[in-house]
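The next block holds one structure in the form of structure tokens; read it before the comments.
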Amino acid sequence: MKERENFGSRFAVIMAFAGSAIGLGNIWRFPYMVGENGGAAFIIIYLLSSFFLSLPIFLSESVIGRRSHSNTFGAMEMLAPGTKWKWLGLLTVVSPLVILSFYSVVGGWSLVYLFKACSTGFTDSSMEEVSKVFGNVISSVWPPLIFHTLFLLICAVIIFFGVKSGIEKFSKITMPLLFVLIVLIMIYSVNLPGAGAGVTYLVKPDFSKITASVVAAAVGQSFFSLSLGVGTILTYSSYVRKDENILVSGIGTASLDLLFAILAGFAIMPAVFAAGIKPEAGPGLIFQTLPYIFSKMGEHLPVLSASVAVLFFITILVAALTSAISMFEVGVAYLVEERKFSRPAATAVVFSLTWVLGIFCSLSFGPLKNFHIFGNTIFSFCDKLTSNFLMTFGGLLFTIFVGWKMPRRDVRDEITSGGRSSLGVHTFNFVYFLIKYLAPAAIVLIFISNLIL
Ligand code: PHE
């Protein structure tokens, strides 16, 4: 049998994980979630949740993935043979495909805007016009479909090249670049006239804004942002070598993801306020705010503005791609290892399934906009199904599996990398407590509040 691939170094591991974590969740979703949920107070809960809830789930997936060196289904079969846990393995083969199908539609929008930035640039002088253009882009039939297809094709090519020459190489080159780009954009944004109000919005918490639904949204955002509960972290961890410290890579990834979300917040919110847009504008926020800012700046500084516009949409695109490939890989790993597909055939199957579902998501802004599932369009149904339920549910089951099903010494063995890392007893006990008790209990509470809301 062909030997299973592994990531080559600690840097590669963290870049691949960070590539999965940092994506549209940070640049597109985080700013409008902050906007819809009251600004700085939301961010504080998001920070707490990232370390106390998301990190334990991240570690649980890492423990399972690295212990089994297998895809999600194979991992469950190996660690709990012949039990119902295999259904968790199967569920997490399906859920990333659902995310990928709507994610790729938004990835497609960023390609549309990148092409626009490179060709005509942005010249609409009023907010109404900008919003109208965005509305026309997403509700038309062909451009979003063509770019959704293109986006998925790029993912397929990277995945086709495999773990080392595809995922690892792409992430190692693009992730550092992404940080440079977002810092440049942030500097530009906070210097816009009228940007100050946006900065205040991000740093001054109004605790009266915290409600159960804000807490649920903040926790949901932190799960989405760290790619949790859908088997991507498990699958990537299965490519991590035994001597790699998964606690360090987990903390490193969570910190980079947080840092990037905050940088993206400071790159986008000041621009939102400078443009005089309401921060609660929803999913279209960045696609409306930024073109408006670029066109305003373009009146005085055309070259600078055009270059920032191109940089910005490249940033979104690259961030989206490194996340999308992590969702793609889950299905491919399953098909190759469990169903004995060749890698190219598995890539083609995952491509086709997500492509078709993505077509429906895309059309749900246009011809299918009146088709509703439980009161949601197809796009928002897929979004809510995954971020409010499948991710939380998957995350819960992963922590229960590691906390209650796996022998404690196996968990310790993984977290200390077979005793290679000198982790104090108290630190391990604390981490184990988070995995076994705190995270599952908190997730159950949030799950119930999501159901009620
Ligand atoms: N974490 C990614 C983002 O922030 C989204 C994602 C979710 C990726 C689930 C993989 C799995 O954009």
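Heads up: the sequence shown is residues 4 to 456, going by our numbering. Each residue gets a CB set at the ideal place from its N, CA and C atoms; glycine is no exception.
Residue i - containing alpha helix (DSSP H), residue span
| i | result |
| --- | --- |
| residue 443 | 442–455 |
| residue 51 | 43–52 |
| residue 19 | 13–24 |
| residue 220 | 215–228 |
| residue 332 | 305–341 |
| residue 436 | 428–436 |
| residue 409 | Element bounds for residue 409: n/a, residue is neither H nor E. |
| residue 397 | 394–403 |
| residue 167 | From DSSP, residue 167 is part of no alpha helix (DSSP H); its letter is neither H nor E. |
| residue 123 | Looking at the DSSP string, residue 123 is not in any alpha helix (DSSP H), and its letter there is neither H nor E. |
| residue 204 | 199–206 |
| residue 358 | 346–366 |
| residue 134 | 130–142 |
| residue 255 | 249–277 |
| residue 38 | 33–39 |
| residue 160 | 145–163 |
| residue 82 | 75–82 |
| residue 64 | 58–71 |
| residue 386 | 381–387 |
| residue 235 | 235–240 |
Of the residues the options, the one placed nearest residue i, counting alpha carbons only
| i | options | result |
| --- | --- | --- |
| residue 63 | 456, 439, 450, 454 | 439 |
| residue 92 | 23, 71, 222 | 71 |
| residue 3 | 436, 426, 394 | Summary: the structure shown does not reach residue 3, with the chain confined to residues 4 through 456, and so no result is reported for it. |
| residue 119 | 167, 133, 163 | 133 |
| residue 33 | 446, 15, 263 | 263 |
| residue 318 | 210, 189, 40 | 189 |
| residue 409 | 46, 26, 18, 88 | 88 |
| residue 406 | 146, 284, 441 | 441 |
| residue 147 | 445, 380, 365, 311 | 365 |
| residue 159 | 81, 353, 338, 367 | 353 |
| residue 381 | 247, 11, 102 | 102 |
| residue 13 | 250, 338, 289 | 250 |
| residue 19 | 281, 371, 169 | 169 |
| residue 167 | 117, 370, 68, 9 | 9 |
| residue 201 | 280, 6, 246, 253 | 280 |
| residue 369 | 114, 141, 293, 256 | 141 |
| residue 15 | 449, 242, 388 | 242 |
| residue 100 | 259, 124, 337, 347 | 337 |
| residue 314 | 445, 130, 191, 207 | 191 |
| residue 273 | 428, 293, 258, 128 | 293 |
| residue 278 | 295, 209, 302 | 295 |
| residue 94 | 401, 129, 431, 413 | 401 |
| residue 447 | 397, 421, 7, 429 | 397 |
| residue 180 | 367, 25, 57 | 25 |
| residue 121 | 129, 309, 455, 237 | 309 |
| residue 47 | 218, 227, 367, 30 | 218 |
| residue 434 | 17, 55, 43, 39 | 55 |
| residue 229 | 374, 86, 454, 326 | 326 |
| residue 7 | 38, 214, 69, 37 | 69 |
| residue 324 | 11, 291, 27 | 27 |
Cβ neighbour criterion (16 or more within 10 Å) applied to residue i
| i | result |
| --- | --- |
| residue 194 | exposed |
| residue 205 | buried |
| residue 307 | exposed |
| residue 376 | exposed |
| residue 171 | buried |
| residue 385 | buried |
| residue 145 | exposed |
| residue 345 | exposed |
| residue 449 | buried |
| residue 347 | exposed |
| residue 469 | Lying outside 4 to 456, the shown extent of the chain, residue 469 is not represented and no answer is given. |
| residue 260 | buried |
| residue 412 | exposed |
| residue 105 | buried |
| residue 423 | exposed |
| residue 328 | buried |
| residue 197 | exposed |
Rounded Cβ spacing between residue i and residue j (contact assumed at less than 8 Å)
| i | j | result |
| --- | --- | --- |
| residue 233 | residue 98 | 4 Å |
| residue 173 | residue 111 | With a Cβ gap of about 19 Å, residue 173 and residue 111 do not count as contacting. |
| residue 340 | residue 165 | Contact doesn't hold; Cβ gap of about 13 Å is too wide. |
| residue 177 | residue 66 | Not really, about 28 Å apart at Cβ, beyond 8 Å. |
| residue 271 | residue 289 | 6 Å |
| residue 35 | residue 284 | 7 Å |
| residue 390 | residue 223 | 5 Å |
| residue 312 | residue 138 | Rounded, the Cβ-Cβ distance is 20 Å, inconsistent with contact. |
| residue 115 | residue 334 | With a Cβ gap of about 26 Å, residue 115 and residue 334 do not count as contacting. |
Within-8 Å CB hit, residue i to chain D
| i | result |
| --- | --- |
| residue 77 | This model lacks chain D altogether, as it is built from one protein chain only. |
Nearest-residue set for the ligand PHE, Cβ under 6 Å from any heavy atom
Cβ atoms closer than 6 Å to the ligand PHE belong to 23, 24, 26, 27, 28, 29, 99, 102, 227, 228, 230, 233, 235, 326, 329, 330.
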